[in-house]
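First up is the structure itself, then whatever we jot down about it.
2 protein chains.
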Amino acid sequence: MKIEFKQIGVIHTPFIRLEGMPVQPAGAGGVSGTVEIFGEYREGLKDLDGFSHVILLYYFHRSQGFDLSIIPFMDTEPHGLFATRAPRRPNQIGMSVVQLDMVEDAILHVRNVDVLDGTPLFDIKPYFPEFEGVTGIRYGWLEKSGKTARETKADDRFK
Amino acid sequence: MKIEFKQIGVIHTPFIRLEGMPVQPAGAGGVSGTVEIFGEYREGLKDLDGFSHVILLYYFHRSQGFDLSIIPFMDTEPHGLFATRAPRRPNQIGMSVVQLDMVEDAILHVRNVDVLDGTPLFDIKPYFPEFEGVTGIRYGWLEKSGKTARETKADDRFK
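Protein sequences appear in the order of chains A and B.
Heads up: the first sequence begins at 1 in the working numbering, then just goes up one per residue.
Heads up: the second sequence begins at 1001 in the working numbering, then just goes up one per residue.
Okay, structure coming up:
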């Protein structure tokens, strides 16, 4: 089964190249960007400005193909692809939680954006973590990794 | 631009009808399900069992079309679609954080699943909330809603 999705907007950021880009929103602290929604979807933004953070679902448009075992930016050992957030995946869907500063017409002003300039947008969802009902979190291979998301930058390994 | 995605697995849950289903993982506490990954992607699951929670991205396969202004399960007032997690969206991509109990071969045993039985899977990502760098959360219209995600069940409004 193949399913078709369409672009509903575009994400504008200062990152025009993958190299040196933060690998998680935590590493993109203070980096501002905008999310431009195409006019036909504008009505759907009503009341979004009450949320401090939103989830962006977008297309890893610069990634092609995938390997099921990879060495992620945050480690030096190979891991299963689904245990990482690497951009080269069977379905190139990216997800980031960003801070929402303002909604102006069909433009969201956001902070902590860790995506490439020109990234096609699929969806926006409100962020409300307490609804996930999550307690007692373990995070596998990342616990042993000496690096932190805040310090780690991308390189060209997933081009 | 249209982008094609493919199913990489299927989610099995006790919920065969939308009516009465929990509307968020918090309301599906204790509900067990399985995520079956197609054999060709199995190698990508390595090391996933180190994570206590995973993010599932899936297809709202029983939803068709969308309205940009809707009355969500959690309220009695209309809101912009992107300020809700309603299943009828321009791109029918659903997202849930579920508890991962065990990985057995190509099957994930999960808890707190709030999706319909037979839901097609697009992606699995590890969950590590502290990397989002999120502080000072406001959650808009949901703060005024008297209902909680734990109590709210779905009805047929988004069929």
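A virtual CB, placed ideally from N, CA and C, is assigned to each residue, including glycine.
Treat the numbers as computed from the prediction; the structure is a model and nothing was measured.
Query, Result
"Contact residues within the segment 49-60 of chain A, judged by C-beta distance below 9 Å to chain C", "The structure shown contains no chain C; its protein chains are A and B."
"Contact between the segment 1004-1013 of chain B and the segment 1033-1045 of chain B (3+ Cβ pairs under 8 Å)", "yes"
"Cβ shell of B:Ile1093 (< 8 Å), same chain only, five flanking positions each side left out", "Leu1057, Tyr1058, Tyr1059, Phe1060 and Phe1122"
"Distance between A:His53 and B:Phe1131 (C-alpha atoms, nearest Å)", "Confidence at B:Phe1131 is low in this model, with a pLDDT of 47, below 50, so its placement is unreliable and no value can be given for it."
"The segment 1110-1126 of chain B in contact with the segment 1040-1055 of chain B per 3-pair CB rule at 8 Å", "yes"
"Residues bridged to B:Glu1104 [DSSP beta-bridge criterion]", "B:Ile1107"
"Buried or exposed by the 16-neighbour rule on C-beta atoms within 10 Å, applied to B:Asp1114", "buried"
"A:Glu43 (DSSP reduced to helix, strand or coil)", "helix"
"The beta strand (DSSP E) enclosing A:Pro120, as first and last residue numbers", "Thr119 to Pro126"
"Cα-Cα separation, A:Arg111 to B:Asp1117", "37 Å"
"Interface residues of chain B facing A:Leu68 [CB-CB closer than 7 Å]", "Tyr1041, Glu1043 and Gly1044"
"Cutoff 8 Å: B:Glu1036 Cβ touching any chain A Cβ", "no"
"Residues that B:Leu1048 bridges to, as DSSP identifies them", "For B:Leu1048, which the question treats as bridged, DSSP gives no partner whatsoever."
"Chain A contact residues for B:Met1095, given Cβ-Cβ distances below 8 Å", "Ile55, Leu57, Met95 and Lys125"
"Chain B contact for A:Arg62 (CB, 8 Å cutoff)", "no"
"Beta-carbon contacts of A:Ile107 that lie in its chain and below 8 Å, excluding the five residues immediately before and after", "Thr34, Val35, Glu36 and Ile37"
"Sequence-distant residues of the same chain with beta carbon closer than 8 Å to A:Lys46, five excluded per side", "none"
"Secondary structure of B:Leu1057, DSSP reduced to three states", "strand"
"Separation of A:Gln7 from B:Met1162, as counted between CA atoms", "Nothing about residue 1162 of chain B can be read from this structure; chain B reaches only from 1001 to 1159."
"DSSP three-state assignment for A:Phe5, whether helix, strand or coil", "strand"
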